[in-house]
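For reference, the structure is listed below as C-alpha cells.
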Amino acid sequence: GAVVSQHPSWVICKSGTSVKIECRSLDFQATTMFWYRQFPKQSLMLMATSNEGSKATYEQGVEKDKFLINHASLTLSTLTVTSAHPEDSSFYICSAKQGAWETQYFGPGTRLLVL
Amino acid sequence: QQPVQSPQAVILREGEDAVINCSSSKALYSVHWYRQKHGEAPVFLMILLKGGEQKGHEKISASFNEKKQQSSLYLTASQLSYSGTYFCGTEWENYGQNFVFGPGTRLSVLP
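Note that the protein sequences, when read in sequence, are chains P and B. Going letter by letter, the first sequence gives residues 62 to 176 in my numbering. Going letter by letter, the second sequence gives residues 534 to 644 in my numbering.
Written out as C-alpha cells, the structure reads:
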C-alpha cells in the first residue's frame, strides 16, 4: 500500500522559534499533498493543498505567511511554522495522493508543543 | 461545508453491530472512510464512488446512495480493535481535489 512518512514525530520548541515538518510519499509520486491540523477531540481541519511545483492553496483563516508550505518534488512537501506560539500547538498531519480522484494516504502525524 | 455524521458516539459490546452515517448537503462524487485511533493518524478504510457502490472488507462494509447524498458504514460483529473515531471524507462533484472531513463518530467497543 501507499506509505507516507512524516518527520519529526514530536517537536517541543520555545515560543518564537520556527519549526519545519517534512512529509514524504515513500512508494508513489504524489501529485497533491495536503496539510491538516487536528486539535484534541476534533476533526481534521484542512490547512492547505499543495501541488508539486506550484504555490500552495490555503484554506480560509490560515495565514500563509505563518505556515509556509513548499512542495519541491513529487515525493516531498514541507510545512514550516514560523514564529510558533503556544496556540500553534497541535497535531499536524500530512496526506498525499497520486491522482485527482484517488484517496489520500496519511502520514503518522507530528505533534507540536510550543512552550 | 462539512458533511454531517451520526451518531456522534456509540458504545458497543464485542460482537454487536453498528452503523455510522455520513450525509452531505451537496452532490457527492465520492465518500472516503477512515478510522483514527487515539494519538495516531487516520487509516484509510475504503472509498466509494458515485454510482451507488457498496464495498466491504471483512466485517466492515459501506454503501453510498448518491441520490440521498449519504453514505453508511456498517460494522458487524464488532471487535475490540474497531474502537476509534471514524471519519467520512467527501469530495463534491465538480470540485476535484477538494476534500472535507466530517466531525467524526467515536466508537468504543467493550469486552
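Heads up, the beta-carbon is just placed ideally off N, CA and C, and yes, glycines get one too.
Kindly say whether residue i, judged by its beta-carbon, lies nearer than 8 Å to any beta-carbon of chain B.
i              : result
P169 (chain P) : yes
L137 (chain P) : no
Q159 (chain P) : no
Q165 (chain P) : yes
I154 (chain P) : yes
S111 (chain P) : no
I'd like to know whether the C-beta atoms of residue i and residue j end up nearer to each other than 8 Å.
i              : j              : result
Q602 (chain B) : S539 (chain B) : no
M106 (chain P) : Y119 (chain P) : no
Y619 (chain B) : L640 (chain B) : yes
V123 (chain P) : L87 (chain P)  : no
L137 (chain P) : Y153 (chain P) : no
V80 (chain P)  : L173 (chain P) : yes
K583 (chain B) : S611 (chain B) : no
T171 (chain P) : P101 (chain P) : no
S104 (chain P) : G637 (chain B) : yes
S605 (chain B) : V552 (chain B) : yes
A145 (chain P) : F128 (chain P) : no
L581 (chain B) : F597 (chain B) : yes
E624 (chain B) : F632 (chain B) : yes
Q165 (chain P) : T92 (chain P)  : no
Is the shortest distance between the beta-carbon of residue i and the beta-carbons of chain P less than 8 Å?
i              : result
E573 (chain B) : yes
P536 (chain B) : no
F577 (chain B) : yes
F620 (chain B) : yes
I593 (chain B) : no
Classify residue i as buried or exposed, calling it buried when 16 or more other Cβ atoms lie within 10 Å of its own Cβ.
i              : result
K125 (chain P) : exposed
S134 (chain P) : exposed
S151 (chain P) : buried
L575 (chain B) : Before going on, a small fix: residue 575 (chain B) reads as Pro here, not Leu. P575 (chain B) is buried by the Cβ-count criterion.
R546 (chain B) : exposed
W71 (chain P)  : exposed
Which two residues bound the contiguous beta strand (DSSP E) that contains residue i?
i              : result
A63 (chain P)  : It is not in any beta strand (DSSP E) - A63 (chain P) carries neither H nor E in the DSSP assignment.
V123 (chain P) : No beta strand (DSSP E) contains V123 (chain P), which DSSP labels as neither H nor E.
T110 (chain P) : 106 to 112
Y567 (chain B) : 561 to 569
F538 (chain B) : According to the sequence shown, residue 538 (chain B) is Gln rather than Phe. Run containing Q538 (chain B): 537 to 539, per the beta strand (DSSP E) assignment.
Counting only beta-carbon atoms, is residue i nearer than 8 Å to chain D?
i              : result
S151 (chain P) : No chain D is part of this structure, whose protein chains are labelled P and B.
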